[in-house]
Every structure is written in structure tokens, then in C-alpha cells.
Amino acid sequence: MSTSSSERGVSLGMPELPAPDYPDDVRARLERDAREIIARYPDSRSALLPLLHLVQSEEGHVTRTGMRFCADMLDLTTAEVTAVATFYTMYRRRPSGDYQVGVCTNTLCAVMGGDAIFEALQEHLGVGNGETTDDGKVTLEHIECNAACDFAPVVMVNWEFFDNQTVDSAKRLVDDLRGGAQVAPTRGAPLCTFKETARILAGFPDERAGAVEATGSAGPASLVGLRLARGETAPARVVHPREGGPHDEPQDRAVHEPSPAEHLSSHDAPQDTSASDPAHPAGPVAEEGE
Ligand code: FES
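One gets my numbering by counting positions in the sequence shown from 1 and adding 1 to each.
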């Protein structure tokens, strides 16, 4: 069983993080929630990741106050908490928007249009990577592969999937988010704000009607491998029908059986990708500040 540095009588010589206290009522509420989370683990320090989500659900990002709270609750040093909070990209370190719009610019999504989408959204929103629109609604960032390559190019909003995106559908998506329109992911649970998402990730039940039942399935391309493994014959082509705006009309993602004449596909059909759209040439996407 591991012990904390204080239990081991070790002083790491780290100064306390200067941070304001939570208001008393907020602190009392968070302590109640934190104790519930900690009780789920045989070793309290194992609760650090959900506790970071908990404090993120309070302020929208992990503040110094939040990190000190986690350290207090888990008998860790603030240095230990900071090391974890700064390692994982799901923890935000500065104030951000209600909707975190992540454009996958990893290899497959990039060549399928992710680079073009990211570039277009930067221009459309007037923000760069990691920046937030003036109305506080949208934080744009490029993200790594989300294991949804079947549906490339993929955009995620607060970790919900928006599949088979185009420049136009992605622009509509952020416009709807900023305008307060009803927006539904392609699959999975309904969309909620970043703070609400953080609370669910902290381990508290998602009590919205139908949220738990909502689910998605593996994409057709992935399921081809399963079929082959079972000795079945795979379809000659694996396609996704792309109709209208994916975020407006969630599609049935069960295995799609294309007719031989069908060629409409997010994978096979010619598209405006970074490779084929001269207005959005492929190229490295620099990190902010580089
Ligand atoms: S490369 Fe974008 S989801 Fe895998």
C-alpha cells in the first residue's frame, strides 16, 4: 500500500501554492462530493483523477484552489497534484468556454479534412488553438486521435462525437453552439456543458433522461474485421452515407450494407480535404505560441 509523503515524514520542500480559498459553502459541498468519491477506492490517492474532474466541474478549469483542495483531501503535496493535473490534456488550466470543440488533426482525420476544418474554424471563430470566443461559448483546440477513425474527420464537443464532418458542417455546428440552438451528437449521450461533463467524468450519475441508454456502435470499417474473423464475407466497399449536417441529423450507425452502385462515402467519395482543397492546403499545425 502506498503512503503519502507526509505519512513517510518526507518534506519535499515545496511551498504551498498561493491560491484563494473556496467560499465556505462551496468548500463544504465539494468536501461532501470528494468524500463520496474517495470512499470508492481502497487507496485514497487513487481518487485524484476524479477529484480533478470534480474541481474542474466547479470552475470550468483546474485552478490552484482546486489543486490545493485535492491535495488537502488526499493528503498529497500540491506538487504531486500539479504533476498529474498538468500531464493529462483533459484537465484545462485556464478559463475556457462552455463548449470545448476539438478537431481531430491526427493523421487519418487530417488527410480526410481535419486540417481544413481546423483551419476554417480558426478563421470563422477568430480564435487560435486553445483560445475561447469572446462570448465565452466555444474553446477551439486540435486534438489527437479519438479512436473514431471510421468516422473521419471527427470533431468532438465536450467529448461527444460529431462524425464525418466537413468544413461547412463544422461551421454550422459552432454557430449553433454559440446561438444556443439544440445540438445533438452523431451518437452517444446528449450534449451538455463542459462543467456538467466534468461532473459526470468525476463519477456522478448522468441523470438526464435517456443519457445512459444512448450509445453508439463501432463503425462499419471496424466491423469488417470482425466479420472476416467470423468467416463471413465482408462487403466490397465500406461506406457511410453522408446526408446534410451530421450534427443536425444523427444517423443510424448500424452496419451499412451498400448496394454495388452506391458510392456515396465519407471515405471513398471525393471531398474537400486538405489534400484536394487548394484553399486549405495540408501543412503542419503549430501549437499556440510556437
Ligand atoms: S485520426 Fe481522428 S479519430 Fe483517429
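For every residue, glycine included, the Cβ atom is placed at its ideal position computed from N, Cα and C.
Item	Value
Starting from G114, trace the alpha helix (DSSP H) in both directions and tell me its first and last residue.	Looking at the DSSP string, G114 is not in any alpha helix (DSSP H), and its letter there is neither H nor E.
Give a single yes or no on whether V165 has its beta carbon closer than 7 Å to a heavy atom of the ligand FES.	Note that residue 165 corresponds to Asn in the displayed sequence, not to Val. Checking the Cβ of N165 against the ligand FES gives no.
Is it a yes or a no for the segment 160-171 touching the segment 102-122, going by three-plus beta-carbon pairs under 8 Å?	yes
Please confirm whether any heavy atom of the ligand FES lies closer than 7 Å to the CB of T78.	no
With DSSP collapsed to three states, give me the class of T78.	coil
Short check: CB of P192 to CB of E161, under 8 Å?	Reading off the sequence shown, one finds Leu at residue 192, where the question assumed Pro. A contact, by the Cβ cut-off of 8 Å.
Tell me the residue span of the beta strand (DSSP E) that contains G103.	Y100 to C105
Report the three-state DSSP secondary structure of M91 (helix, strand or coil).	coil
Confirm the yes/no value for this check: CB of V155, any heavy atom of the ligand FES, distance under 7 Å.	yes
Going by beta carbon distance, what residues of the same chain come within less than 7 Å of I201, once the five residues before and after it are set aside?	D207
Look up L192 in the DSSP assignment and say whether it is helix, strand or coil.	coil
Taking the beta strand (DSSP E) that H62 belongs to, which residues open and close that run?	From DSSP, H62 is part of no beta strand (DSSP E); its letter is neither H nor E.
Taking F152 as the reference, which of A219, P51 and A20 has the closest Cα?	A219
Three-state secondary structure (DSSP) at E214?	coil
Taking L31 as the reference, which of R46, S47 and M68 has the closest Cα?	M68
On a Cα-Cα basis, can you pick out the residue from A171, Y89, V85 and R179 that is closest to C105?	A171
Within a Cβ cutoff of 7 Å, which residues of the same chain sit near R95, ignoring the five residues on either side of it in sequence?	H62
Which of the three DSSP states, helix, strand or coil, is assigned to T187?	coil
Thinking just about the alpha-carbon of each residue, which of C150, D99, K196 and N159 is nearest to the one in T134?	D99
Just mark H264 as buried or exposed, buried being the case when its beta carbon has 16 or more other beta carbons within 10 Å.	Caution applies to H264, whose pLDDT of 31 falls short of 50 and renders its modelled position unreliable; the value that the coordinates give is listed next. Burial call: exposed.
Near E142, what residues of its chain come up, given a Cβ to Cβ distance below 8 Å and the 5 sequence neighbours on each side ignored?	Q101, V102, G103, V104, N130 and G131
Going by Cα to Cα distance, which pick from G232, V82, C110 and L174 is closest to K138?	L174
Can you give me the C-alpha to C-alpha distance between Q57 and S45, rounded to a whole angstrom?	19 Å
Which of the three DSSP states, helix, strand or coil, is assigned to V158?	strand
When DSSP labels each residue in this structure, what does T66 get in the three-state scheme?	helix
Let me check understanding here. Comparing Cα to Cα, which of A203, L50, T140 and T194 lies closest to E81?	L50
Can you tell me whether F195 is buried or exposed, with buried defined as 16 or more other CB within 10 angstroms of its CB?	buried
Using only CA atoms, which one of R209, R188, T187 and G189 lies nearest to E197?	R209
What are the boundary residues of the alpha helix (DSSP H) that V27 is part of?	D25 to I39
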